[in-house]
Amino acid sequence: MSGHTVEEIRRETRVYLMVFVALAVLTIVTVGVSYLHLNTTAAIVLALVIASVKGFLVAGYFMHLLSEKKLIFIVLALTAFFFLVLLWGPWQESYDIPSGQ
Amino acid sequence: MEIPYTVEARSDTGLYNGKLGIWLFLASEVMLFGALFSSLILIRTGAVSWPRASEILNVPLATLNTFVLIGSSVTVIMAWASLRLGELKKAKIYLLVTLLCGFGFMIIKAIEYSTKFSHHLYPSTSNFFAIYYTMTGLHGLHVIGGMVMFAYLLGPGSKMYNTERERYINRVEITGLYWHFVDLVWIFLFPTLYLL
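Have a look at this one:
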């Protein structure tokens, strides 16, 4: 958590409102892009990029990760690693089938 | 016995215990939803055909719900900021708006579900609807969980503001962290389920 003085907290609240506006605009962009009927790959990449930017804004500012302690980042790094294992694991299981079975 | 480190940070972690606790809990939540996102990718890539979600789901209602949820994320953090400024009354209004946003989200979700049911679209209808109901249902349960917490912080829990002010502010902060996570999950659920 950064800032304890009244002025610093008021400045933080202005940032929160700006983040809200950015999230609202990005939501409109996400929906707008879906009406362009892009090919599947482009649509998925674009939607995930926009969602990731929104995710960064929420985690970075609302969850104040940008000014958080080191231990939380260690927890999150471990989480990210196991999340990737979760995404990758089933693929290995499904497609690594020996021939003839 | 007094619970230690509810307000002051531990010297080894640099955090008060509740903060570390909620992040560990959120890490487990990432695993829970991560497993479902992984399932969604696997089911979808393995499917012979996959419906165009935007044609069978109600995108305008889901978009409205996205606005409701990001709006509630702002109100909960404004509640926390107001408490740090010593403005309990203002904080309570923000908490109440957050709670109402939660209600609004669930009402919109109920309208969506009932429309689907009236068209005989159930979890057993297809893999798409199975994963749709599972993921949005689990997310909805998380919204209800958050609403229970906000109701508590607004009602009986708020007495703590007069007795242990910092501890109460920390409770609002960590409930807010949970609520932002619920918002974060929806940010990814919305495009993957409704738009792609």
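Line order of the protein sequences matches chains A and B. Mapping to my numbering: the first sequence position 82 is 82, numbers consecutive. Mapping to my numbering: the second sequence position 173 is 173, numbers consecutive. By construction, the Cβ of each residue, glycine as well, lies at the ideal position given by its N, Cα and C atoms. Everything numeric in this text was worked out from a predicted model, so none of it was measured.
If you check the CB distance, B/Val182 and B/Gly146 come in under 8 Å.
A distance below 8 Å between beta-carbons, with the five flanking residues on each side excluded, links A/Ala47 to the following residues of its chain, in chain order: Thr30, Val33, Ser34. The Cβ atoms of B/Leu95 and B/Leu177 do not sit closer than 8 Å to each other. Within the model, the alpha-carbon separation for B/Leu32 versus B/Trp179 is close to 16 Å. Ranked by Cα distance from B/Ala9, the options B/Phe190, B/Met149, B/Thr175, B/Glu166 are led by B/Glu166. For a cut-off of 8 Å, the C-beta gap from B/Leu195 to B/Ala53 is around 7 Å, short enough to register as a contact. Taking every protein chain shown into account, the CB of B/Gly102 has 16 or more other CB atoms within 10 angstroms, so this residue is buried. Within a 10 Å sphere around the beta-carbon of A/Arg10 sit fewer than 16 other beta-carbons, which makes this residue exposed.
The three-state secondary structure of B/Tyr122, taken from DSSP, is coil. Of all residues in the segment 44 to 72 of chain A, only Ile44, Ala47, Leu48, Ile50, Ala51, Lys54, Gly55, Val58, Ala59, Phe62, Met63, Lys69, Lys70, Leu71, Ile72 place a beta-carbon less than 8 Å from a beta-carbon of chain B. Excluding sequence positions up to five before and after B/Ala91, its CB lies within less than 6 Å of the CB of Ala79, Ser82, Leu83, all in the same chain and listed in chain order. Only residues of its own chain outside the window of five on either side were considered, and among them Leu193 have a CB closer than 7 Å to the CB of B/Tyr132, listed in chain order.
Under the 8 Å criterion on CB atoms, B/Ile174 is classed as non-interfacial with respect to chain A. Using a Cβ-Cβ cut-off of 7 Å, A/Ile9 is close to Ala81, Arg84, Leu85 of chain B, given in chain order. Note on A/Phe20: 16 or more other CB atoms within 10 angstroms of its CB, so buried under the neighbour-count rule. With respect to A/Leu87, B/Ser28 sits apart: the two C-beta atoms are not nearer than 8 Å.
Taking 8 Å as the cut-off, the Cβ atoms of A/Leu57 and A/Ala22 count as close. Separation of the CB atoms of B/Phe105 and B/Leu57 is rounded to 16 Å, and the pair is thereby denied contact status at 8 Å.
B/Tyr161 sits away from B/Leu85, with the two beta carbons spaced by 8 Å or more. Membership of B/Ser11 in any alpha helix (DSSP H) is not indicated, and neither H nor E is assigned to it by DSSP.
Within the model, the alpha-carbon separation for A/Val45 versus A/Ser52 is close to 10 Å. Residue contact check for A/Ala77 against chain B: no CB pair falls below 8 Å.
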